[in-house]
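Q:
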Amino acid sequence: MSLAMAGIVLILVPPMYTSSGVAILVQAKQVGANATNPLLNFDASLSTTSSILVQSLSSPGLANQINRSSGDSFTVKNSSSNGNDPGSQPFIYVTTQSPTAEQSVEMVDLVLGFARQDLLDRQQGLRVLPGRYIKLVNVVSGTPPRRVLGRQLVAPGAVAILSIVVTIAVALLGETLAAARRQRSASQSAEERFADKAAGWSYPITGSATVVGSRHSIASNGAAKQIGPGAGTSSGH
Numbered sequence: 491m492s493l494a495m496a497g498i499v500l501i502l503v504p505p506m507y508t509s510s511g512v513a514i515l516v517q518a519k520q521v522g523a524n525a526t527n528p529l530l531n532f533d534a535s536l537s538t539t540s541s542i543l544v545q546s547l548s549s550p551g552l553a554n555q556i557n558r559s560s561g562d563s564f565t566v567k568n569s570s571s572n573g574n575d576p577g578s579q580p581f582i583y584v585t586t587q588s589p590t591a592e593q594s595v596e597m598v599d600l601v602l603g604f605a606r607q608d609l610l611d612r613q614q615g616l617r618v619l620p621g622r623y624i625k626l627v628n629v630v631s632g633t634p635p636r637r638v639l640g641r642q643l644v645a646p647g648a649v650a651i652l653s654i655v656v657t658i659a660v661a662l663l664g665e666t667l668a669a670a671r672r673q674r675s676a677s678q679s680a681e682e683r684f685a686d687k688a689a690g691w692s693y694p695i696t697g698s699a700t701v702v703g704s705r706h707s708i709a710s711n712g713a714a715k716q717i718g719p720g721a722g723t724s725s726g727h
């Protein structure tokens with residue numbers, strides 16, 4: 491029953507798909523004798539800028555613009571989830587989830603597009619020279635959609651698993667109690683047979699009963715005869 495319920499939940503709840511992407515903040519190339527490769531010139535200010543973008547992209551207002559359906563969601567952060575990197579980096583990590591595989595990929599590009607526009611608007615508002623603009627460059631575009639266990643399945647799945655565990659536990663408990671009752675019944679029957687034998691009774695095989703130690707035997711046909719010492723061969727005495 492529990493397995494059937496779990497199967498029904500998996501069938502009725504729509505699947506969820508996830509995609510992810512990564513972009514990096516790069517400083518503008520400097521002109522002159524002291525010009526350096528932008529990919530070799532990362533400082534703490536870029537990590538600060540990425541933190542500003544993460545906060546802006548995490549606002550509820552932006553979520554309403556990006557999410558196309560009730561099942562859509564996304565997360566933005568500037569630290570890797572593998573735990574080996576420092577807490578703040580000049581990266582923007584985007585992870586999306588959607589009931590539609592194509593939409594999960596499109597959402598990654600959409601979020602990164604909003605990030606680029608937000609970065610551009612801030613620099614223009616600060617009157618930064620276009621030649622000194624920080625740019626957001628894609629490192630990994632939206633990855634192919636991957637089917638995952640959506641949030642809608644977490645609670646029903648937990649209930650189904652718990653139901654399976656409880657069902658198995660109840661079945662094992664019932665079998666244990668039944669075995670104990672059978673063993674107790676067998677022990678009582680053995681004790682009763684032993685008590686009857688001790689009292690002088692022997693259970694017949696052919697349907698007749700014999701009184702051990704008595705002078706008469708009761709046969710199945712209703713006739714009686716003496717079996718003790720001094721028994722005669724005739725009746726009527």
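The opening position of the sequence shown corresponds to residue 491 in this note's numbering, with each subsequent residue numbered one higher. Note that beta-carbon positions come from the ideal geometry of N, C-alpha and C, so glycine has one too.
1) Report the residue from 604, 633, 568 whose alpha carbon sits nearest the alpha carbon of residue 538.
2) Would you decide whether residue 609 is buried or exposed? Buried here means 16 or more other CB atoms lie within 10 Å of its CB.
3) Please state whether the Cβ-Cβ distance between residue 605 and residue 543 is less than 7 angstroms.
4) With distance defined between alpha-carbon atoms, name the residue in 623, 630, 639 nearest to residue 505.
5) Whole angstroms are fine: how far does the CA of residue 667 sit from the CA of residue 705?
6) Given residue 509, which residues of its chain have a CB within under 6 angstroms of its CB, disregarding the five upstream and five downstream residues?
7) Closest to residue 519 by C-alpha separation, out of 637, 620, 566, would be which residue?
8) Write down the C-beta distance between residue 580 and residue 536 rounded to the nearest angstrom, noting that I regard them as a contact closer than 8 angstroms.
9) Skipping 5 residues on each side, what residues in its chain have a beta carbon closer than 7 angstroms to that of residue 627?
10) Does the beta-carbon of residue 540 have 16 or more other beta-carbons within 10 angstroms, so that it is buried, or is it exposed?
11) Going by alpha carbons, who is nearest to residue 629 out of 583, 661, 600?
A: So, from the listed chains and residues:
1) 568
2) buried
3) yes
4) 639
5) Unreliable positioning characterises residue 705 in this predicted model, as indicated by a pLDDT of 45, which lies under 50. A coordinate reading is not provided.
6) 586, 594, 595, 598, 632, 633, 635
7) 620
8) 4 angstroms
9) 513, 514, 516
10) buried
11) 583
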